[in-house]
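S.K.:
Residue numbers (the numbering used here): 9 to 262.
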């Protein structure tokens, strides 16, 4: 919700709407529709209003304080392992903080995307990547996570830093390692073929809290992000590929 600015030469390609046209001119070439409403999702506004109304001034103040406390707790735990960018004059951060992963590109050929994908093996969706600073991770714990969850995430990040050290110090292959090959899907880990220089346990269960009975498995292994970024329109197979044998039998009998 809110305005999104583009340069003048991109205006003809902004999304349109099938009911209420928002084309800037007749010769515009909009690329489809991206939301139900022509200017964004109106449902966001009542959600925000309801949150503010239910929390009240006192609740919002408390939530803000906890969010800032959580962010500073995590930044303090991780500062020995990663460089924390943009601290205040007293060394504190706000409700979010930025970890610099750029030095690892030179020391281990590891980038922010590798850390982000490896976090999936630990059961975490990656934080904001390469924004507002390229090659970094911006972490915003919010007020809703308890200390155990904050520690679990910190433990995962510290473990990943150790994996980077293993590459830096030559203990593992710089091209075939848990970070470069992440994430590890269930299909990958249970395959009869395993030729990687690290164990399946390291791949899928890197810390004690990642257990088979509660693990959230990535649905797919590593994909080509650059290809996806350069091909904005999905190249999907035809719909008949998704039909089941039952659908084919039903169509044949009708």
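For every residue, glycine included, the Cβ atom is placed at its ideal position computed from N, Cα and C. Treat the numbers as computed from the prediction; the structure is a model and nothing was measured.
1) As a quick exercise: from 249, 82, 57 and 42, pick the residue whose alpha carbon is nearest that of residue 162.
2) Between which residues of its own chain and residue 110 is the CB-CB distance below 6 Å, once the five residues before and five after are set aside?
3) If residue 103 sits next to residue 165, beta carbons under 8 Å apart, how far is it from one beta carbon to the other, in whole angstroms?
4) Touching or not, the segment 212-227 and the segment 115-124, by the rule of three or more beta carbon pairs under 8 Å?
5) If you compare alpha carbons, which of 58, 171 and 22 is closest to residue 116?
6) Quick one: what does DSSP say residue 92 is sitting in, helix, strand or coil?
7) In whole angstroms, what separates the C-alpha of residue 241 from that of residue 187?
8) On the DSSP bridge list, what partners appear for residue 215?
9) For residue 40, collect the residues of the same chain with a Cβ closer than 7 Å to its Cβ; drop the 5 residues on either side in sequence, then sort them by chain order.
10) State buried or exposed for residue 78, treating a residue as buried only when at least 16 other CB atoms are found within 10 Å of its CB.
11) Compare the C-alpha of residue 197 against each of 173, 229 and 134 and name the closest.
12) Quick one: using the 10 Å Cβ neighbour count with 16 as the cut-off for buried, is residue 154 buried or exposed?
13) For the alpha helix (DSSP H) that contains residue 147, what are its first and last residues?
14) Can you name the start and end residues of the beta strand (DSSP E) that residue 265 belongs to?
M.R.: Per the coordinate set shown:
1) Nearest of 249, 82, 57 and 42 to residue 162, Cα basis: 82.
2) Cβ within range, chain order: 143.
3) Rounded, the Cβ-Cβ distance is 18 Å, inconsistent with contact.
4) No, they do not touch.
5) Of the listed residues, the one whose Cα sits closest to residue 116 is 171.
6) DSSP places residue 92 in strand when its eight states are reduced to three.
7) Taking the straight line joining both Cα atoms gives about 28 Å.
8) Answer is none; residue 215 lacks a bridge partner.
9) Once the five neighbours on either side are set aside, the close Cβ partners of residue 40 are 23.
10) By the neighbour-count criterion, in which a residue is buried when 16 or more other Cβ atoms sit within 10 angstroms of its Cβ, residue 78 is buried.
11) Its Cα nearest to that of residue 197, the residue 229 stands out among 173, 229 and 134.
12) Under the 10 Å beta carbon count, residue 154 is surrounded by fewer than 16 other beta carbons and is classified as exposed.
13) Premise fails: residue 147 lies in the beta strand (DSSP E), 144-147, not in any alpha helix (DSSP H).
14) Lying outside 9 to 262, the shown extent of the chain, residue 265 is not represented and no answer is given.
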